[in-house]
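Colleague: Have a look at this one before I ask anything.
Number of protein chains: 2
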Amino acid sequence: MSITTKTEILDAAEVLFAEHGFADTSLRAITTKANVNLASVNYHFGSKKMLIQEVLKRYLDILAPVLENQLIDLTQRVKQPTMDQVFDSLVAPLLLLNKSRKNGTAIFVQLLGRGYSESQGHLRKYIQNYYGSVLKRFVHTVHLAAPHLDDSEIFWRLHFAIGTFVFTMASSKALSEIADADYQQQVSIEDIIHRLIPYIAAGTMCNPLQMPTAQPKLDIA
Amino acid sequence: MSITTKTEILDAAEVLFAEHGFADTSLRAITTKANVNLASVNYHFGSKKMLIQEVLKRYLDILAPVLENQLIDLTQRVKQPTMDQVFDSLVAPLLLLNKSRKNGTAIFVQLLGRGYSESQGHLRKYIQNYYGSVLKRFVHTVHLAAPHLDDSEIFWRLHFAIGTFVFTMASSKALSEIADADYQQQVSIEDIIHRLIPYIAAGTMCNPLQMPTAQPKLDIA
DNA sequence: AACCAATTCAAACAATTGTTTAAATTTAAA
DNA sequence: TTTAAATTTAAACAATTGTTTGAATTGGTT
Numbered sequence: 019m020s021i022t023t024k025t026e027i028l029d030a031a032e033v034l035f036a037e038h039g040f041a042d043t044s045l046r047a048i049t050t051k052a053n054v055n056l057a058s059v060n061y062h063f064g065s066k067k068m069l070i071q072e073v074l075k076r077y078l079d080i081l082a083p084v085l086e087n088q089l090i091d092l093t094q095r096v097k098q099p100t101m102d103q104v105f106d107s108l109v110a111p112l113l114l115l116n117k118s119r120k121n122g123t124a125i126f127v128q129l130l131g132r133g134y135s136e137s138q139g140h141l142r143k144y145i146q147n148y149y150g151s152v153l154k155r156f157v158h159t160v161h162l163a164a165p166h167l168d169d170s171e172i173f174w175r176l177h178f179a180i181g182t183f184v185f186t187m188a189s190s191k192a193l194s195e196i197a198d199a200d201y202q203q204q205v206s207i208e209d210i211i212h213r214l215i216p217y218i219a220a221g222t223m224c225n226p227l228q229m230p231t232a233q234p235k236l237d238i239a
Numbered sequence: 019m020s021i022t023t024k025t026e027i028l029d030a031a032e033v034l035f036a037e038h039g040f041a042d043t044s045l046r047a048i049t050t051k052a053n054v055n056l057a058s059v060n061y062h063f064g065s066k067k068m069l070i071q072e073v074l075k076r077y078l079d080i081l082a083p084v085l086e087n088q089l090i091d092l093t094q095r096v097k098q099p100t101m102d103q104v105f106d107s108l109v110a111p112l113l114l115l116n117k118s119r120k121n122g123t124a125i126f127v128q129l130l131g132r133g134y135s136e137s138q139g140h141l142r143k144y145i146q147n148y149y150g151s152v153l154k155r156f157v158h159t160v161h162l163a164a165p166h167l168d169d170s171e172i173f174w175r176l177h178f179a180i181g182t183f184v185f186t187m188a189s190s191k192a193l194s195e196i197a198d199a200d201y202q203q204q205v206s207i208e209d210i211i212h213r214l215i216p217y218i219a220a221g222t223m224c225n226p227l228q229m230p231t232a233q234p235k236l237d238i239a
């Protein structure tokens with residue numbers, strides 16, 4: 019059956035990609051882990067690059083509509099949500115990924131991080147294209163919570179937030195082990211997410227600094 | 019002269035490493051850019067892995083002592099610094115790197131980001147080993163600014179902060195281009211750093227959430 | 001000038017990469 | 001059962017990787 023081969027490739031690939039990155043994961047490592055033939059990757063996906071996209075698509079197709087609903091719900095319940103509420107709307111969609119696949123949440127966010135740092139912006143554009151609707155809605159909801167911030171300020175801070183999130187998840191395994199060894203904490207992905215929300219929300223809400231530099235290049239002659 | 023070959027390799031390598039990552043940068047690309055023979059990398063550095071370490075070491079050796087002085091100065095001036103002051107003490111050491119090499123600050127922090135996300139924690143341990151002293155002093159200074167946070171809370175938040183920083187710098191080029199296109203902002207690395215400081219400081223300072231989960235595993239029987 | 005060590009160099013190394021091919025096999029419909 | 005399409009397979013492909021080799025060249029010292 020083709021469909022099992024295809025999903026077995028995806029299942030194996032996402033784990034290896036998340037752990038070692040895209041460049042450091044060979045198709046042979048993937049097909050060996052998946053117990054399928056090497057050529058089946060190119061047969062079913064065309065190329066390694068398209069396999070990477072499909073790995074992420076599988077998650078985004080689950081997450082995006084649920085997040086969209088969360089945001090719609092929130093803005094309908096309250097006209098000015100708090101920043102914590104806005105970021106809290108990420109939690110349920112993210113944890114939902116754990117239902118469909120073991121460690122789904124962690125794997126997804128790790129993949130997201132890889133996609134941003136590796137493959138110079140190629141994956142970023144892909145996400146922007148196919149999931150731009152949810153992204154725009156999220157930015158808009160952030161704006162509701164923080165009317166004192168202009169668009170560019172929100173742009174920057176949301177990328178800061180992505181960085182916090184993505185990096186933490188990428189090192190979540192190591193961080194959990196350290197926390198266990200040093201502070202006797204058994205933290206799950208869910209715990210980490212709940213620690214992250216107030217941090218990110220506080221950072222995103224804080225008052226902007228006046229920027230003396232960073233002006234449009236205008237010659238005042 | 020050997021010393022020029024060596025530095026020319028380092029100069030070429032750091033730029034390529036920062037831009038494409040360690041795995042995606044071949045020794046041939048480095049030696050071509052540096053106008054030196056391919057074999058000279060193994061002759062002078064032994065291996066690619068050791069070249070990566072020396073690229074980072076060149077920066078850390080400049081940054082670490084200056085940061086240490088900044089922290090000592092700060093704690094001597096004020097007994098309880100603000101969180102902004104603590105993170106501000108990073109600015110001067112980071113910008114100092116721009117003096118020794120063109121785009122030094124950006125390259126260094128990008129390398130740091132690569133080092134954390136790629137090469138699964140190998141580089142993290144290297145930094146922890148050779149620059150643990152400065153790290154400990156930094157954590158201690160954070161504790162002065164945030165006495166309401168216990169050690170484990172600071173541990174988590176500092177890793178959040180590292181993530182914010184490192185990820186932003188790793189994608190700084192792309193972010194700058196977007197900011198230029200969408201908001202007509204010509205932002206430098208220095209601008210980004212000054213945007214980051216209040217964000218990170220606010221996040222690090224915020225009140226901790228009571229964690230219903232994440233308890234030590236104790237059977238209360 | 002003669003020597004030795006340090007360095008550079010072109011060439012080849014073995015290993016690994018993503019991809020392609022063409023035959024073998026499986027699957028499902030006629 | 002026959003037939004044709006879909007899938008799997010082993011093998012080879014060309015390209016690229018990090019590393020090593022041994023001879024050529026350089027630089028400084030006696």
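Residue numbers (my numbering), protein chains in the order written: chain B, 19 to 239; chain H, 19 to 239. The beta-carbon is built from N, C-alpha and C at its ideal position, and this holds for glycine as well.
Does DSSP classify G39(B) as helix, strand or coil?
Modeller: In the structure shown, G39(B) sits in coil (DSSP, three-state: anything other than H, G, I, E or B).
Colleague: If contact means a Cβ-Cβ distance below 8 Å, which residues of the stretch 186 to 203 of chain B contact chain H?
Modeller: Those would be T186, A188, S189, A192, L193, I196, A197, D200, Y201, Q202, Q203, in chain order.
Colleague: Quick check: the Cα distance between I218(H) and T25(H), rounded to an integer number of angstroms?
Modeller: Rounded to the nearest angstrom, the two C-alpha atoms are 35 Å apart.
Colleague: Examine the Cβ distances between the stretch 143 to 157 of chain B and the stretch 193 to 210 of chain H and report whether three or more of them are shorter than 8 Å.
Modeller: The stretch 143 to 157 of chain B vs the stretch 193 to 210 of chain H: no contact.
Colleague: Please report the straight-line C-alpha distance between T182(B) and F178(H), rounded to a whole angstrom.
Modeller: Rounded to the nearest angstrom, the two C-alpha atoms are 5 Å apart.
Colleague: Since I believe R175(H) is in contact with G40(H) (beta carbons under 8 Å), could you give me their beta-carbon distance rounded to a whole number of angstroms?
Modeller: The sequence shown places Phe at residue 40(H), rather than the Gly named in the question. That pair is no contact at about 28 Å.
Colleague: For the alpha helix (DSSP H) containing P83(B), name the first residue and the last one.
Modeller: Element bounds for P83(B): 66 to 95.
Colleague: Would you be able to state if there are at least three C-beta pairs under 8 Å between the stretch 106 to 120 of chain H and the stretch 79 to 95 of chain H?
Modeller: The stretch 79 to 95 of chain H vs the stretch 106 to 120 of chain H: in contact.
Colleague: Taking only beta-carbon atoms, is G221(H) less than 8 Å away from chain B?
Modeller: Taking Cβ atoms only, chain B reaches closer than 8 Å to G221(H), which makes this a yes.
Colleague: At least one CB of chain B closer than 8 Å to the CB of V127(H): is that the case?
Modeller: No, no contact with chain B.
Colleague: With contact counted as at least three CB pairs below 8 Å, one residue from each stretch, are the stretch 145 to 153 of chain B and the stretch 94 to 108 of chain B in contact?
Modeller: The stretch 145 to 153 of chain B vs the stretch 94 to 108 of chain B: no contact.
Colleague: Closer than 8 Å by beta-carbon distance: list the chain B residues that pair up with V104(H), in chain order.
Modeller: Within 8 Å Cβ-Cβ: nothing; V104(H) doesn't reach chain B, min ~15 Å.
Colleague: Looking at the C-beta of P165(H), does it have a partner C-beta in chain B at a distance below 8 Å?
Modeller: Chain B, which has no Cβ nearer than 8 Å to the Cβ of P165(H), makes this no.
Colleague: When burial is assigned at 16 or more other CB atoms within 10 Å of the CB, is V127(B) buried or exposed?
Modeller: So V127(B) ends up on the buried side.
Colleague: Does DSSP put N121(H) in a helix, in a strand, or in coil?
Modeller: Three-state DSSP puts N121(H) in coil, outside helix and strand.
Colleague: Which same chain residues end up closer than 6 Å to E86(H) when comparing Cβ atoms and leaving out the 5 residues on each side of it in sequence?
Modeller: Closer than 6 Å at the Cβ level, and outside the excluded window around E86(H), lie V152.
Colleague: So which of T222(B), D29(B), P216(B) has the shortest CA-CA distance to S118(B)?
Modeller: Looking at the Cα atoms, D29(B) is the closest of the given residues.
Colleague: Report the three-state DSSP secondary structure of A164(H) (helix, strand or coil).
Modeller: A164(H): coil per DSSP, three-state reduction.
Colleague: If I measure Cβ to Cβ from I210(H) and keep anything under 7 Å in the same chain, skipping five residues before and after, which residues do I get?
Modeller: Within the same chain, I210(H) has close Cβ partners T186, S190.
Colleague: Output the boundary residues of the alpha helix (DSSP H) element that contains S170(H).
Modeller: Note, S170(H): alpha helix (DSSP H), 169 to 188.
Colleague: Measure the beta-carbon distance from A163(H) to Q98(H) and round it to whole angstroms, keeping in mind my assumption that it falls under 8 Å.
Modeller: At roughly 7 Å, the Cβ-Cβ gap stays under 8 Å, so A163(H) and Q98(H) are in contact.
Colleague: Can you tell me whether A36(H) is buried or exposed, with buried defined as 16 or more other CB within 10 angstroms of its CB?
Modeller: The residue in question, A36(H), is buried, as its Cβ has 16 or more Cβ neighbours within 10 Å.
Colleague: Output yes if chain B places a C-beta closer than 8 Å to the C-beta of F63(H); else output no.
Modeller: No, no contact with chain B.
Colleague: Apply the 10 Å Cβ neighbour rule to G221(B) and answer buried if 16 or more other Cβ atoms are within range, or exposed otherwise.
Modeller: Answer is buried; the Cβ neighbour count reaches 16.
Colleague: Any beta-carbon of chain B closer than 8 Å to the one on F173(H)?
Modeller: Judged by the 8 Å Cβ criterion, F173(H) is in contact with chain B.
Colleague: Return yes when the Cβ of V33(B) is within less than 8 Å of the Cβ of I125(B), no when it is not.
Modeller: Their beta carbons are under 8 Å apart, which means I125(B) touches V33(B) by this criterion.
Colleague: Span of the alpha helix (DSSP H) holding S58(H)?
Modeller: Element bounds for S58(H): 57 to 63.
Colleague: So, under 8 Å CB-CB, L45(H) and K75(H) are touching, yes? Tell me the CB distance rounded to an integer number of Å.
Modeller: L45(H) to K75(H), Cβ: 18 Å. No contact.
Colleague: Can you list, in chain order, the residues of its chain with a C-beta nearer than 7 Å to that of Q123(H)? Leave out the 5 residues immediately preceding and following it.
Modeller: The question names Gln, but residue 123(H) is Thr in the sequence shown. Within the same chain, T123(H) has close Cβ partners L112, L113, L115, N116, I207.
Colleague: Mind checking which residues open and close the alpha helix (DSSP H) that includes N225(B)?
Modeller: Neither: N225(B) is in no alpha helix (DSSP H) and is coded neither H nor E.
Colleague: Note the first and the last residue of the continuous alpha helix (DSSP H) segment covering T50(H).
Modeller: From DSSP, the alpha helix (DSSP H) with T50(H) extends over 45 to 52.
Colleague: Ignore the nearest five residues each way along the sequence and tell me which others in E171(H)'s own chain have a CB closer than 7 Å to its CB.
Modeller: So the list reads P226, once near-sequence residues are dropped.
Colleague: Between which two residues does the alpha helix (DSSP H) carrying V104(H) extend?
Modeller: Looking at the DSSP string, the run of the alpha helix (DSSP H) that includes V104(H) is 101 to 106.
Colleague: Among H212(B), K51(B), N53(B), E72(B), whose alpha-carbon lies nearest the alpha-carbon of Y144(B)?
Modeller: Selected option, being the one with the closest Cα: E72(B).
Colleague: Return the chain-ordered list of same chain residues with a C-beta closer than 8 Å to the C-beta of L129(H), the five sequence neighbours on each side being excluded.
Modeller: Closer than 8 Å at the Cβ level, and outside the excluded window around L129(H), lie E32, F35, A36, V73, L74, Y77.
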